[in-house]
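Report on one structure; see the data block that follows.
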Amino acid sequence: MAWLPTIERGGEVGFVAGEARVNGIRLAYRLWPGPDMPSHPPVVLLHGLLQTGEGMAHLAAHLARRGPVLVPDLRGRGRSDQPADGYDPGTMADDVAALLDVLAIERPVAIGRLHGGLVAYHLAARHPRQVRGLVLGDTAPEVSAGRAERERAVVRRLPARFASLADAQEFYERVLGLSPARARHDIPSDLVEVEEGGFGWRHNIDLIARIEDAAAPRSDWATLALVSCPTLLLRGQRGEVPAEMAGRFCQTIDGCQVQTVLGARHDVFLGPGAEQAFGAIELFLMRLVDEATMPPPLPLPIVDGQPEALLDPVERMVAAINGRDDAAVASLFAESGRIRQYLATGAMREGGPDLAQEAFWQLLDAYPDAVVEARDTVITQDRAAALLTVRIVGQADDALLLPIFIDIAGNRIVSLTVIGFRPGSG
């Protein structure tokens, strides 16, 4: 293995960039080492067709606060080699398996974005002993010949260059059908300023077409049937995995979980609904930690000399919000407690209990008739997570989803992370 240590560092948690010789090619990667005492299993993130590993950096930096994260540039993309062949998902999965061996990363959770989901489930099927869990971002294992031809036609329509970034943004939204947020995110890693003027592709577009040809049309149900690890399918509400196909996932992979990301299109990791996807992934990772148990009860503070019922911290939070009890919200936090709030825009706010009270009252001001419930609660020795469902009178269920993560000391919150604050759209 050839390390390139500390060539670049980025994100809230630093990464190192390196390269390794695997499966007959040079594969480049970024590695976020994570904390000294990880609370999540390792993760390998696999990018989409018109992307590089750089396009997964936002999710990598988020997850790396809890455990190591590996993000390779798949063959033919980014800084990795562009060999003459081997652009089918199975061969790319073999590349990733070999890289895991070289870097001694044991049994990570494979998370695939778009086309990277194909590589992820081939990795889990072909190398089951190397994969602890699988997360697929709106990945369709079945594509008809007609749809495959339409997708190839889009690739053939990619212009050699764009006169301006505004032209590129318009093309990404109109022709590629991407959300404005995803277009703004992808363009800097997809395009580069060229000498003749304007912006050209960082990728070899002929190779992109070959990768697309190798992946579609397809019917990979037999491959999916070989997947034996816990699996989470995140399907966009407006994505490319219809409900019937999601149902077949559950029939094919034993124990597969499906979550519909409200408001999301094909790319559930960017744009509307991304905060739901991030939260669902964290919950899934927590469930794969061996120490995860049913929640131990924690006592509420004594009120008027009488102890309240024994409730876990998530239920205490729900009770405080639904009771519109400002003092109860404040009492949940340690004196030095912190809240980190990730907004739907991608911005992050951080502060103390005052910010927590402000965030909850913003929620209640926006939805005065709301009733908050918790689902999918997971609690380890010192950490709780849940998906808060805000039900609003006169609207459909799950109008708002808020993944939350709580670090606990004694019976007080020392850290609360809230992923997103945005009404879902129907």
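346 is the number that full-length UniProt numbering gives to position 346 of the sequence shown; each next residue is one higher, with no gaps.
Ideal Cβ positions, reconstructed from N, Cα and C, are used throughout, including at glycine.
Just so it is clear, the structure is predicted and the values come from calculations on it, not from any experiment.
In chain order, Val329, Phe333, Ile339, Leu416 place their CB closer than 7 Å to the CB of Ala356, counting only its own chain and leaving out the 5 sequence neighbours on each side. Taken atom to atom, the span from the alpha-carbon of Arg218 to that of Leu46 is near 19 Å. Taking Ala409 as reference, the option from Ser336, Ile205, Arg391, Asp254 with the minimal CA-CA separation is Ser336. In the displayed model, Gln169 falls within a helix according to three-state DSSP. Arg132 sits away from Arg156, with the two beta carbons spaced by 7 Å or more.
Looking at the DSSP output, Pro108 sits in no beta bridge, so it has no partner there.
Between Val22 and Leu100, the gap from beta carbon to beta carbon reaches 7 Å or more. The C-alpha of Ala61 is placed about 17 Å away from the C-alpha of Arg182.
The beta carbon of Val289 sits closer than 8 Å to the beta carbons of Ser39, His40, Pro41, Thr380 from its chain, once the five residues preceding and following it are set aside; these are given in chain order. For Val314, the enclosing alpha helix (DSSP H) stretches over residues 313-322. Listed in chain order, the non-local C-beta contacts of Ser189 below 8 Å within the same chain comprise Gln51, Thr52, Glu54, Gly55, Arg202, local neighbours out to five positions each way being set aside. The segment 190-210 makes contact with the segment 158-166: 3 or more CB pairs, one atom from each, lie closer than 8 Å. Residues of the same chain with a CB within less than 7 Å of the CB of Val119, apart from the 5 flanking positions on each side, are Leu46, Leu74, Pro89, Met92, Ala93, Val96, Gly112 in chain order. Note: Glu142 is bridge-paired with Ser219 in the DSSP secondary-structure output. Val268 is not a Cβ neighbour of Val258, given a cutoff of 7 Å. When C-alpha distances from Ile321 are compared across Met286, Ala374, Arg412, Asp138, the shortest belongs to Ala374.
With 16 or more neighbouring CB atoms inside 10 Å of its own CB, Ser80 falls in the buried class.
In the DSSP assignment, Pro72 falls within the beta strand (DSSP E) that extends over 69-72. For Ser164, the number of other beta carbons within 10 angstroms of its own is below 16, and it is reported as exposed. The beta carbon of Asn204 sits closer than 8 Å to those of Gly76, Gln82, all from its chain and outside the five residues before and after it, given in chain order.
For the set Pro353, Asp369, Thr231, Ala153, the Cα lying nearest the Cα of Asp213 is the one of Ala153. Closest in alpha carbon position to Asp36, among Gly18, Leu178, Pro68, is Pro68. Put simply, the segment 22-31 does not touch the segment 243-252. Fewer than three CB pairs are less than 8 Å apart.
In this structure, Leu136 sits near Leu233, with a CB-CB distance shorter than 7 Å. With fewer than 16 other Cβ atoms inside 10 Å of its own Cβ, Asp326 counts as exposed. Note: Ala84 is not bridge-paired with any residue in the DSSP secondary-structure output. Relative to the Cα of Ile404, the nearest Cα in the group Phe278, Cys229, Asp220 belongs to Phe278.
For a cut-off of 8 Å, the C-beta gap from Ala20 to Val71 is around 13 Å, too long to register as a contact.
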